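Using our numbering, you'd call the opening residue of the sequence shown number 15 and step up by one each time.
Below is one structure, written out as structure tokens; the observations come after it.
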Amino acid sequence: MADMQNEKAYQRQLGVNGGMKANKGAKAPGHSGARFSCNVGLGFKTPRAAIQGTYIDKKCPFTSNVSIRGRILSGIVRSTKMNRTLIVRRDYLHYIKKYQRYEKRHSNFPAHVSPCFRVAEGDTVVCGQCRPLSKTVRFNVLKVAAAGSGKKGFLGF
């Protein structure tokens, strides 16, 4: 339990009654103990680390009350410098009617990443829209695919 408590406030999962007074001999969460996990739906599997892990994240779609609704976007991880948040780059083509050609464009958006995922720069992630988690974060990582080649540039096509 002590390894989960790395924030200033006491961290606990909502909906799980497990204080100091409840069951002195209870096992730790994730090891046949009390742990809440759910299926987000839309064909995304709940990671094993979310079901058996001991982390506590109130913004995780698999272990808390955050529902995925709206858009499902995919992109490439550009930055993992923030705590439990990453920057995803989406590449797309924009049609210019005058010249009858396409131009390459990109947009970045921040997404919350649950501790059940191990994400590095260059990985491809699938993110789902959810309620606003902070001032700028409105997406949650649902699936991670490891990086293929180390080629830099416009990787969408």
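Ideal Cβ placement from N, Cα and C applies to all residues, glycine included.
These numbers were taken from a predicted model, which means no experiment stands behind them.
Whole-angstrom distance between Thr99 and Thr60, CA atom to CA atom: Here residue 60 refers to the residue found at position 46 of the sequence shown. Here residue 99 refers to the residue found at position 85 of the sequence shown. Thr60 and Thr99: Cα-Cα distance of roughly 19 angstroms.
C-beta atoms of Pro121 and Arg104 nearer than 8 angstroms: Here residue 121 refers to the residue found at position 107 when the sequence shown is read from its first residue. Here residue 104 refers to the residue found at position 90 when the sequence shown is read from its first residue. What sits at residue 121 in the sequence shown is Ser, not Pro. For Ser121 and Arg104, yes; Cβs fall inside 8 angstroms.
Coarse secondary structure for Ile82, derived from DSSP in three states: The residue you call residue 82 lines up with position 68 of the sequence shown. In the structure shown, Ile82 sits in coil (DSSP, three-state: anything other than H, G, I, E or B).
Cβ distance (whole Å) where Pro124 is taken to contact Val151 below 8 angstroms: Locating residue 124 in the sequence shown gives position 110, where the first residue counts as 1. Locating residue 151 in the sequence shown gives position 137, where the first residue counts as 1. With a Cβ gap of about 5 angstroms, Pro124 and Val151 count as contacting.
Same chain, Cβ closer than 7 angstroms to Phe58, five either side skipped, listed in chain order: Against the sequence shown, residue 58 aligns to sequence position 44. Leu156 and Lys157.
Residue range of the unbroken beta strand (DSSP E) whose run includes Gln27: The residue you call residue 27 lines up with position 13 of the sequence shown. The continuous stretches of beta strand (DSSP E) do not include Gln27, and DSSP gives it neither H nor E.
Phe50 versus Asp137 - alpha carbon distance: In the sequence shown, counting from the first residue as 1, residue 50 sits at position 36. In the sequence shown, counting from the first residue as 1, residue 137 sits at position 123. Their backbone Cα atoms lie some 28 angstroms apart in a straight line.
Residues that DSSP places opposite Ser88 in a beta bridge: Numbered from its first residue, the sequence shown carries residue 88 at position 74. Val140.
Any alpha helix (DSSP H) of 4 or more consecutive residues that is wholly inside the segment 59-133: 62-66
Leu156, enclosing beta strand (DSSP E) - first and last residue: Position 142 of the sequence shown, counted from the start, is the residue given in the question as residue 156. Per DSSP, Leu156 belongs to the beta strand (DSSP E) from Phe153 to Ala159.
Distance between Val80 and Arg132 (C-alpha atoms, nearest Å): Translated into the one-based positions of the sequence shown, residue 132 becomes position 118. Translated into the one-based positions of the sequence shown, residue 80 becomes position 66. Spanning the two alpha carbons is a distance of roughly 20 angstroms.
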